[in-house]
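K.L.:
Just dropping this structure here.
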Amino acid sequence: MSEARKVLVDARGLSCPGPITEIVKAYRNLKNGDTIEIWATDPGFKPDVEAWVKRTGNQLVEVREEKDKIVAVIKVTAKK
Numbered sequence: 001m002s003e004a005r006k007v008l009v010d011a012r013g014l015s016c017p018g019p020i021t022e023i024v025k026a027y028r029n030l031k032n033g034d035t036i037e038i039w040a041t042d043p044g045f046k047p048d049v050e051a052w053v054k055r056t057g058n059q060l061v062e063v064r065e066e067k068d069k070i071v072a073v074i075k076v077t078a079k080k
C-alpha cells in the first residue's frame, strides 16, 4: 500500500470560486487517506470549504484563521 500524500495548495489572492477550483484540481490526483492543506485569503473561503467537504463526503480535519490567511486541512475519504 502506498504512503499517504500531503498536498499544499496556495490559493492566497484568489477570490471565489478560485480556492475551491484549486482544491478540485488537487483532489483529482489524490487517493483516500491523502490530505490537502489549502491556504486562502478570500473571506468566503471558510463556508465554501465547509460546504465542499459536506457535498463531496470528504473530511474537514481543521479550519483555522491565521494572521495572513485561512488554512483548511481536508482528508480525502470519498474516492471511489
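Here the UniProt record's numbering is used: the first residue of the sequence shown is 1, the next is one more, and so on. Note that CB positions come from ideal geometry on N, CA and C, so glycine has one too.
Kindly give me the distance between the Cβ atoms of GLU37 and LYS6, rounded to whole angstroms, as I take these residues to be in contact under 8 Å.
P.N.:
Confirmed, about 7 Å.
K.L.:
Between the alpha carbons of GLY33 and ARG64, how many angstroms are there, rounded?
P.N.:
If you take the alpha carbons of GLY33 and ARG64, they lie about 21 Å apart.
K.L.:
Can you grab the Cα-Cα spacing for the pair ASP10 / GLU62, in whole Å?
P.N.:
The straight-line gap from Cα to Cα measures roughly 16 Å.
K.L.:
Specify, as a first and last residue, the run of the alpha helix (DSSP H) that ASP48 falls within.
P.N.:
From DSSP, the alpha helix (DSSP H) with ASP48 extends over 45-56.
K.L.:
Return the Cβ separation of ASP48 and ILE20 in integer angstroms, given the expectation that the two are a contact with Cβ distance under 8 Å.
P.N.:
So it is a contact: roughly 5 Å between Cβ atoms.
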